[in-house]
Each structure stands twice: as C-alpha cells, then as structure tokens.
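Going by our numbering, the first residue of the sequence shown is number 109, and it counts up by one from there.
Notes to accompany the following structure.
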Amino acid sequence: MITKSNNKYKVLLVEDEENIRTFVCALLEANGYQAIPAKSFGEAKLLYLSYIPDLVILDLGLPDRDGSALLSEIREKDTTPVIILSARGDEGEKVRLLDMGANDYITKPFGSAELLARVRTALRNSRPSAEEGKLPGGKFTLGELVIDYDSRRVFIGEAEIKFTQTEYNIMAYLSANPGKVMTYSSIIRTVWRESSDENSIKKLQVNMANIRKKLGAKPGEVGYVVNELGVGYRMGD
Ligand code: CA
C-alpha cells in the first residue's frame, strides 16, 4: 500500500476515452492510489482546484480544449508533477510539452507496469526530500553513484570518477531533476547558455557518450543516464 501521511496519493486522470479512463483508474486504485477521473479540460480544471492532486496524468486530445492548456495553467502556480498521456509519437510534441514543464510522457498504447513505474518515479521525485540534493553542500545518490555538489566530485562506490567541468555541469543538472526527462534544449541552455541547434546537440551527445562511458555503461545498457531518443536525457529510473 502506498500511503502519504495515512492518506492515499491523489491522482487526477484526465482522459476522454472511457476504456482507457476505466482501465487506468482501476489500475491506480488496485495499487493503492486514489484515482480522480476527468473526461474534459473543464472537468479536470474544476477537479484539480477542489482536490489539489499529488499527480496529474493528462491526455492531450480532449473534447473541449487541448490537454496542454491544462499543463500551462497548472505550471503558472504549481509544481504538481504532470505525466502526459499521448497517442502522438511525435518527438517535437514531446519536447514542447517537457519544455512547458511536463515531468514525463507515456505514449499510447502503454502497459500497466510502465504506467505504474512512471507514476512512482514522478511522485518520488516530487517529495521535498528529493529537493535536498539541490542545496549547496548536498549530495545526490543513485545506486552506487554519489555526486558531491560541494566539492563538485563524483564517485561510484569508493572510486572517484574524473569529469571535465562541462561533463560535471551536465551531471549536476540532470541529477537536480532525477527521473525527469530533460530535453536537449534545456540542458544546452543551462550548461552552455546557448540555444540548441544541430551543432550544440552534437556537442551534448559527445559529452554524454563520455559521461556514460566514465560511469561504466556498456553499449546498449541503460546505466545511470537514460537516453530518451530524439528528446533528451533522464537521470535514473
Ligand atoms: Ca483523447
């Protein structure tokens, strides 16, 4: 049972297709969450304001307005994690939504295990404890990986791994947003203060290949940094 101060996590599910809505609600309820179903933008907005959910799962194609409009409204004042549920496989659309502040996306059709894993990740990383790693002097840990923000050093177990300043800055940025897909353009903007184009994406990919190698990822293995093809990178999960 997943609990939060003796209460269940509240998940607002915005989806106009009844089959998917029923399936996801049953799945969430069976796994200890309180599911709040909404079938339109209007209904979702009202339910969001009255329930203040811990997480929003948001379909884009809604009958009254595009789901991305709800994401914009939520992001005007809240950091509530939002997972986009989309039939669209378009990378450009995913990037746009991640840059608008979505935490993650799931492309339909999806499996139960995948959905639940994304939900757990989004809720875990929204807890205040995940914020501690961002403070100066804090440490980020993921499995054997330790990033010491104070000394700007990275360890795997006891062994220190040497990174260039740029590589370290990329790692620090990804680890400050664990489990969240960071788009190419957001990483490039943060690390190089440049807008993204073909050259800067290439530069990022070269740095990332070095980071993955230093972290001991074998080709084809997932490792600590996950490559979300054509979209960006994610630290962990
Ligand atoms: Ca839809």
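Even glycine gets a Cβ: it sits at the ideal position worked out from N, Cα and C.
Discussion item. In the DSSP output, which residue or residues are listed as bridge partners for E336?
Written reply: Locating residue 336 in the sequence shown gives position 228, counting from the first residue. In the DSSP output, where bridge partners are listed per residue, E336 has G340.
Fill in: DSSP beta-bridge partners of M290
Walking along the sequence shown from the start, residue 290 turns up at place 182. Note: M290 sits in a beta bridge opposite Y341.
Worksheet item: Around ligand 1, what residues have a beta-carbon under 5 Å from a heavy atom of it, in chain order?
Response: D124, D167 and G169
Worksheet item: In its own chain, which residues sit with a C-beta less than 8 Å from the C-beta of L253, not counting the 5 before and 5 after it?
Response: Numbered from 1 along the sequence shown, position 145 holds the residue referred to as residue 253. These residues qualify, in order along the chain: V262, F263, I264, L323 and Y332.
Discussion item. In the DSSP output, which residue or residues are listed as bridge partners for T249?
Written reply: Position 141 of the sequence shown, counted from the first residue, corresponds to residue 249. Note: T249 sits in a beta bridge opposite V254.
Worksheet entry | For A325, the three-state DSSP class (helix, strand or coil) | Within the sequence shown, numbered from 1, the residue matching residue 325 stands at position 217. Correct three-state label for A325: coil.
Discussion item. Please classify N307 as buried or exposed, where buried requires at least 16 neighbouring CB atoms within 10 angstroms.
Written reply: The residue given as residue 307 occupies position 199 in the sequence shown. N307 is exposed by the Cβ-count criterion.
Worksheet entry | Own chain partners of A325 with C-beta closer than 8 Å, once the 5 adjacent residues on each side are dropped | Here the question's residue 325 lines up with position 217 in the sequence shown. Taken in chain order, the residues that qualify are G331, Y332 and V333.
Discussion item. Could you compute how far the alpha carbon of L136 sits from the alpha carbon of D167?
Written reply: As a position in the sequence shown, residue 136 is number 28, starting the count at 1. As a position in the sequence shown, residue 167 is number 59, starting the count at 1. Distance between the alpha carbons of L136 and D167: 16 Å.
Discussion item. Residues in the same chain with beta-carbon distance under 8 Å from R129, minus the five sequence neighbours each way, listed in chain order, please.
Written reply: Walking along the sequence shown from the start, residue 129 turns up at place 21. So the list reads L121, E123, P145 and K147, once near-sequence residues are dropped.
Discussion item. For V289, tell me which candidate among M208, R301 and S180 has the shortest Cα-Cα distance.
Written reply: Here the question's residue 289 lines up with position 181 in the sequence shown. The candidate whose alpha carbon is nearest that of V289 is M208.
Practice prompt. Identify every residue that forms a DSSP beta bridge with I144.
Written response: In the sequence shown, the residue the question calls residue 144 occupies position 36. Its beta-bridge partners are L120.
Item to complete: Give the straight-line distance between the Cα atoms of G197 and N277, rounded to the nearest whole angstrom.
Response: Reading the sequence shown from its first residue, position 89 is the one you call residue 197. Reading the sequence shown from its first residue, position 169 is the one you call residue 277. Roughly 30 Å separates the two Cα atoms.
Worksheet item: What are the residues that DSSP puts in a beta bridge with E125?
Response: Here residue 125 is taken as the residue at index 17 of the sequence shown, counted from 1. Paired residue(s): none; E125 is not in a bridge.
Worksheet item: Is the beta carbon of Y292 sitting closer than 9 Å to the one on V227?
Response: Position 184 of the sequence shown, counted from the first residue, corresponds to residue 292. Position 119 of the sequence shown, counted from the first residue, corresponds to residue 227. The answer is no: Cβ separation not under 9 Å.
Worksheet item: The beta strand (DSSP E) with R261 in it runs from where to where?
Response: For the purposes of this step, residue 261 is taken as the residue at position 153 of the sequence shown. R261 to I264 is the extent of the beta strand (DSSP E) around R261.
Fill in: Per-residue DSSP class, three states only, for I160
By 1-based counting over the sequence shown, the position of residue 160 is 52. Here I160 sits in coil by DSSP.
Worksheet item: Should I160 go down as buried or exposed, given a rule of 16 or more other Cβ atoms within 10 Å for buried?
Response: Here residue 160 corresponds to residue number 52 of the sequence shown, with the count starting at 1. It counts as exposed.
Item to complete: Could you check what DSSP says for D172 in three-state terms: helix, strand or coil?
Response: Translated into positions along the sequence shown, residue 172 becomes position 64. Three-state result, D172: coil.
Discussion item. Are the CB atoms of F149 and D172 within a distance shorter than 9 Å?
Written reply: For the purposes of this step, residue 172 is identified with residue 64 of the sequence shown, where counting begins at 1. For the purposes of this step, residue 149 is identified with residue 41 of the sequence shown, where counting begins at 1. Yes, the Cβ-Cβ distance between D172 and F149 is below 9 Å.
Discussion item. On the CB-based measure, 16 or more other CB atoms within 10 Å of its CB, does G175 come out buried or exposed?
Written reply: For the purposes of this step, residue 175 is taken as the residue at position 67 of the sequence shown. Label assigned to G175: buried.
Discussion item. Please classify N127 as buried or exposed, where buried requires at least 16 neighbouring CB atoms within 10 angstroms.
Written reply: Your numbering for residue 127 matches position 19 in the sequence shown. Exposed, because fewer than 16 other Cβ atoms sit within 10 Å of the Cβ of N127.
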